[in-house]
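I have placed the structure first, in the form of structure tokens, so that the comments after it can refer back to it.
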Amino acid sequence: MRIGKSKLRFRFLIFLALFIVTVVVINVVSKYADQTSFAVSTVKTEINGKLSLKIGSLKGTYTVDDFSVADAGPVNIPYEASSEEGTFILKVSHDNETVWEKTVTSPENGSIEYKAIKERYKITVETESAKKLVVKLSR
Numbered sequence: 000m001r002i003g004k005s006k007l008r009f010r011f012l013i014f015l016a017l018f019i020v021t022v023v024v025i026n027v028v029s030k031y032a033d034q035t036s037f038a039v040s041t042v043k044t045e046i047n048g049k050l051s052l053k054i055g056s057l058k059g060t061y062t063v064d065d066f067s068v069a070d071a072g073p074v075n076i077p078y079e080a081s082s083e084e085g086t087f088i089l090k091v092s093h094d095n096e097t098v099w100e101k102t103v104t105s106p107e108n109g110s111i112e113y114k115a116i117k118e119r120y121k122i123t124v125e126t127e128s129a130k131k132l133v134v135k136l137s138r
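See the structure below:
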């Protein structure tokens with residue numbers, strides 16, 4: 000069976016279009032792949048004002064908590080933080096501006112302390128790569 004020139008040309012154009020779309024998709028995905036965050040095996044619980052977060056493996060940023068401050072003034076949040084492998088940054092931010100941060104290299108207890116205004120705040124953990132992270136907050 001012989002295929003006409005118009006059908007061959009149509010098939011060629013379809014394959015060419017699929018090839019171009021594939022190349023564009025691969026370029027877009029590879030460009031933005033480094034800016035994504037991956038968290039595996041996350042367990043987050045909050046009981047009576049005590050928040051516990053456990054992450055099996057993390058690359059990038061993960062939001063631990065997002066909260067509002069009712070009154071301006073000093074904020075004091077006790078924390079425990081650790082990871083079995085790698086280091087991470089425990090960070091408090093407001094409108095993408097860091098108000099407090101701590102690099103966690105070994106298990107530690109401490110207190111997140113900063114002067115707050117009546118606004119929303121976000122607590123995050125950031126890392127290039129860390130495994131078995133544990134963050135506990137008491138509010």
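Counting from 0, one number per residue, gives the positions in the sequence shown under numbering that gives the first Met the number 0. The beta carbon of each residue, even a glycine, is placed where N, CA and C say it ideally should be.
Beta-carbon proximity of residue i to residue j, cut-off 8 Å
i: residue 103; j: residue 128; result: no
i: residue 80; j: residue 134; result: yes
i: residue 48; j: residue 138; result: yes
i: residue 86; j: residue 35; result: no
i: residue 62; j: residue 92; result: no
i: residue 100; j: residue 114; result: no
i: residue 96; j: residue 131; result: no
Residues near residue i by beta carbon distance below 6 Å, same chain, minus five either side
i: residue 65; result: 121
i: residue 112; result: 75
i: residue 106; result: 81
i: residue 51; result: 44, 135
i: residue 108; result: 79
i: residue 88; result: 100, 102, 125
i: residue 98; result: 91, 113
Sheet register partners of residue i (DSSP bridge)
i: residue 103; result: 87
i: residue 74; result: 113
i: residue 108; result: 79
i: residue 21; result: Its beta-bridge partners do not exist; DSSP assigns none.
i: residue 92; result: 97, 121
Residue span of the beta strand (DSSP E) that contains residue i, given as start and end
i: residue 129; result: 119-137
i: residue 41; result: 37-46
i: residue 64; result: 49-67
Close beta carbons around residue i, own chain, < 8 Å, minus the five adjacent residues each side
i: residue 37; result: 56, 57, 58, 59
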